[in-house]
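*Asks:* Going letter by letter, the sequence shown gives residues 1 to 179 in UniProt numbering. Beta carbons are placed, not taken as given, at the ideal position from N, Cα and C, and that holds for glycine. Structure provided below as structure tokens; questions to follow.
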Amino acid sequence: MFALMNNVIDRCFFTVTFILGVQLPEFMQQYQQRLAGHLAEATSQLGQFEVIAQQHFDGSLTAMITRYKDNSESSIINTGELIERLSFRVDYLANHLAQINQTDYLDSVYQLIWHLDKQIATGTAEHFAMAIPLELNAIATGGTLAIGALLLKELTIFTVKRPFKTKKDKKDMVIESKP
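Take a look at the structure:
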């Protein structure tokens with residue numbers, strides 16, 4: 001009976017981890033789309049400041065930011081700081097999008113995991129629409145995650161049971177050796 005329950009639990013565990021693994025490529029795609037949307041919006045806003053820089057600062061956004069930050073009026077200083085942060089954000093988003101748009105799937109997964117923007121990931125997760133992608137990357141990711149998680153579970157159970165099993169085996173050996 002215990003073996004049957006363990007088998008059912010293993011199958012359920014495998015199925016759930018497989019389904020979660022299959023969703024990773026879809027999450028990556030939706031994350032990239034959200035990231036591209038944030039980049040487009042930030043670029044549009046920065047473009048408006050670049051037009052002003054073109055008209056009054058010979059096209060130099062850096063000169064405009066410096067002039068604004070050197071001003072004695074606090075609202076102008078704050079505007080300069082805002083433009084500077086917006087410029088950094090555009091660069092950050094563009095670099096991040098380029099990193100996760102790798103042609104190699106494993107590199108994209110690595111970049112997504114280690115360089116995840118928490119704000120964008122949270123927004124993606126909140127509006128995530130599950131899909132059943134029938135592509136090799138999704139099936140391979142699901143299978144790899146499911147098999148890896150199942151092996152990790154079995155290894156953990158084996159590691160936990162081993163000290164108790166060893167003590168039981170020693171008791172059995174002592175009992176068998178007594179005449």
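Report the three-state DSSP secondary structure of T43 (helix, strand or coil).
*Replies:* The answer is helix: DSSP assigns T43 an H, G or I state.
*Asks:* With DSSP as the reference, label S60 as helix, strand or coil.
*Replies:* Coil at S60, not helix or strand.
*Asks:* List the endpoints of the continuous alpha helix (DSSP H) containing L97.
*Replies:* That run of the alpha helix (DSSP H) goes S74 to I100.
*Asks:* According to DSSP, is D104 part of a helix, a strand, or is it coil?
*Replies:* If DSSP states are grouped into helix, strand and coil, D104 belongs with coil.
*Asks:* For residue 190, which residues of its own chain have a beta-carbon under 6 Å away from its beta-carbon, when the five flanking residues on both sides are left out?
*Replies:* With the chain covering only 1 through 179, there is no way to say anything about residue 190.
*Asks:* If you check the beta carbons only, do L46 and S87 fall under 8 Å apart?
*Replies:* A contact, by the Cβ cut-off of 8 Å.
*Asks:* Give the DSSP-derived three-state secondary structure of D117 in the structure shown.
*Replies:* Of the three classes helix, strand and coil, the one that applies to D117 here is coil, per DSSP.
*Asks:* Where F158 and L150 are concerned, what is the direct C-alpha to C-alpha distance, given to the nearest angstrom?
*Replies:* Taking the straight line from one Cα to the other gives about 12 Å.
*Asks:* Could you check if A98 is buried or exposed, using at least 16 other CB atoms within 10 Å of its CB as the buried criterion?
*Replies:* By the neighbour-count rule (16 or more Cβ atoms within 10 Å), A98 is not buried but exposed.
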